[in-house]
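Residue numbers (UniProt numbering): 1 to 443. Where is the CB? At the ideal position from N, CA and C, for every residue including glycine. Report on one structure; see the data block that follows.
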């Protein structure tokens with residue numbers, strides 16, 4: 001069994017104060033895992049922030065709302081195959097190890113993103129352009145399905161028990177850093193180029209940047225060693241021969257709980273960080289530059305919030321922090337969306353920041369809590385299965401669904417209801433899940 005506590009198998013956890021790897025080893029493991037998250041979510045962010053432009057590039061001739069819906073529909077298609085990628089790479093990582101699998105994941109993610117930036121437009125090759133866009137988004141989604149489970153498991157299996165929440169939170173922060181980097185690039189482009197220049201060639205620049213980022217990430221990951229827990233498992237001949245079957249039959253509760261945690265995590269993340277910028281620029285009538293500034297401010301504070309709340313969960317437990325964030329979302333989501341719709345750019349940025357801070361509180365401990373639900377034998381695959389199901393069903397589809405919701409209800413604050421519903425369900429899962437933070441369990 002894993003050194004990380006499995007709620008169904010108490011007693012396998014090492015003492016929280018047991019010595020862990022050397023600080024330099026921990027830093028390299030954390031950076032190596034985090035860099036892939038930066039690359040993956042940079043791609044997701046760029047597509048989301050350029051959704052309005054991409055709609056005109058690949059779906060011209062439509063009204064702005066229809067073009068935006070088409071662009072977000074392609075965005076959602078990538079997420080439909082994430083569970084398949086999670087199954088494939090999760091099983092692979094539980095058989096051959098985390099390090100080798102993560103290297104392949106970053107190669108495929110970077111290649112798909114780079115090729116998106118090289119695509120001909122609709123005006124050049126007609127319907128073939130959006131077809132190729134869909135194919136590349138499918139490849140990106142499939143490969144990305146193996147990123148979060150592997151990266152978070154990699155750090156979790158290196159981290160000392162008493163610092164696991166804090167260290168694993170850096171993988172989550174890598175996601176937001178990717179979003180932040182994407183928003184900064186788009187902000188610079190929006191302020192430097194005209195609308196025509198953005199449609200002609202400016203939209204390509206962020207996607208082409210994936211190449212050097214991917215090379216750096218691959219170099220770092222190739223220098224890493226396998227996690228101590230998996231290396232020990234392999235040396236003892238205890239690596240699972242059928243990790244997918246084992247995770248589904250023996251760890252199905254962990255899979256369902258992971259999906260429940262990830263429901264709010266992904267629904268809120270994709271609404272707040274991907275949908276809101278386009279919402280501000282579209283129905284709310286703010287400028288593209290203002291929407292980019294709002295994203296930068298919001299995500300900067302989210303990044304600053306994640307490590308402290310991850311560390312807080314090491315002290316007081318995962319459940320109080322996760323549950324508290326869900327309650328905040330239930331209470332404040334609707335008022336903040338109303339504040340965003342006042343027509344005042346400053347208040348809109350304040351509202352976006354408030355939503356981001358709530359998200360940041362939840363993101364701090366969530367990856368550690370999910371990893372603690374599984375044994376080493378099936379951690380990569382079990383996590384990936386539950387997590388990617390929620391990403392596919394509730395994350396990638398969120399921008400499309402809430403855009404459709406706004407168009408049907410004519411209520412600019414209606415996306416709040418989606419966030420609130422997700423938080424209510426996840427709150428129930430948090431209450432039903434045993435505490436997994438080692439020091440809290442032993443207190």
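In whole angstroms, what is the alpha-carbon distance linking residue i and residue j?
i, j, result
"residue 76", "residue 145", "14 Å"
"residue 298", "residue 358", "11 Å"
"residue 249", "residue 382", "11 Å"
"residue 103", "residue 222", "7 Å"
"residue 390", "residue 86", "12 Å"
"residue 333", "residue 423", "10 Å"
"residue 10", "residue 80", "Here residue 10 scores only 35 on pLDDT, less than 50, and its place in the model should not be relied on; the value that follows carries that caveat. Whole-angstrom Cα-Cα distance: 35 Å."
"residue 54", "residue 195", "12 Å"
"residue 72", "residue 132", "16 Å"
"residue 189", "residue 301", "22 Å"
"residue 16", "residue 349", "Its pLDDT being 49, under 50, residue 16 is placed unreliably in this model, and the coordinates cannot settle the point."
"residue 218", "residue 191", "32 Å"
"residue 433", "residue 316", "15 Å"
"residue 129", "residue 105", "25 Å"
Within 9 Å (strictly less), CB to CB, does residue i reach chain B?
i, result
"residue 336", "Protein chains in the displayed structure number just one, and chain B is not present."
So, for residue i: in the same chain, excluding its five sequence neighbours on each side, which residues have a beta-carbon less than 8 Å away from its beta-carbon?
i, result
"residue 418", "267, 271, 398, 401, 402 and 405"
"residue 238", "377"
"residue 326", "264, 362, 423, 424, 426, 427 and 430"
"residue 412", "279, 283, 284, 337, 340, 341 and 406"
Let me know if residue i comes out buried or exposed under the rule of 16 or more other beta-carbons within 10 Å of its beta-carbon.
i, result
"residue 426", "buried"
"residue 179", "buried"
"residue 34", "buried"
"residue 197", "exposed"
"residue 12", "Residue confidence is low: residue 12 scores 40 on pLDDT, short of 50, so the model does not pin down where it sits. Its coordinate-derived value is still stated next. Residue 12 should be labelled exposed."
"residue 410", "exposed"
"residue 142", "buried"
"residue 125", "exposed"
"residue 371", "buried"
"residue 22", "exposed"
"residue 201", "exposed"
"residue 236", "exposed"
"residue 443", "With a pLDDT of 32 at residue 443, under the threshold of 50, the modelled position of that residue is not reliable, and the figure given next carries that caveat. Exposed, since its Cβ has fewer than 16 Cβ neighbours within 10 Å."
Near residue i, what residues of its chain come up, given a Cβ to Cβ distance below 7 Å and the 5 sequence neighbours on each side ignored?
i, result
"residue 482", "Limits of the chain in this structure are 1 at one end and 443 at the other, which puts residue 482 out of reach."
"residue 452", "The first residue shown for the chain is 1 and the last is 443, placing residue 452 beyond what the model contains."
"residue 429", "257, 260 and 261"
"residue 347", "339"
"residue 354", "332 and 336"
Looking at residue i: is its Cβ nearer than 9 Å to the Cβ of residue j?
i, j, result
"residue 415", "residue 275", "yes"
"residue 364", "residue 152", "no"
"residue 277", "residue 289", "no"
"residue 369", "residue 437", "yes"
"residue 177", "residue 38", "yes"
"residue 30", "residue 215", "no"
Leaving out five residues on either side along the sequence, give the residues of the same chain with a beta carbon under 6 Å from the beta carbon of residue i.
i, result
"residue 139", "112"
"residue 265", "366"
"residue 50", "203"
"residue 319", "430 and 435"
"residue 8", "Any reading at residue 8 is ruled out, since the residue's pLDDT is 41, under 50, leaving its predicted position unreliable."
"residue 157", "227 and 229"
"residue 396", "76 and 79"
Segments of 4+ residues assigned as alpha helix (DSSP H) that fall wholly inside the stretch 144-220:
Every unbroken stretch of the alpha helix (DSSP H) spanning 4 or more residues and falling wholly within the stretch 144-220 is given here in chain order: 147-158, 164-192 and 204-208.
Only counting runs of 3 or more residues, tell me where the beta strand (DSSP E) segments fall wholly within the stretch 352-386, in order along the chain.
none
What runs of the alpha helix (DSSP H), each 4 residues or longer, lie entirely inside the stretch 35-87?
Fully enclosed alpha helix (DSSP H) runs of 4 or longer: 51-58 and 64-80.
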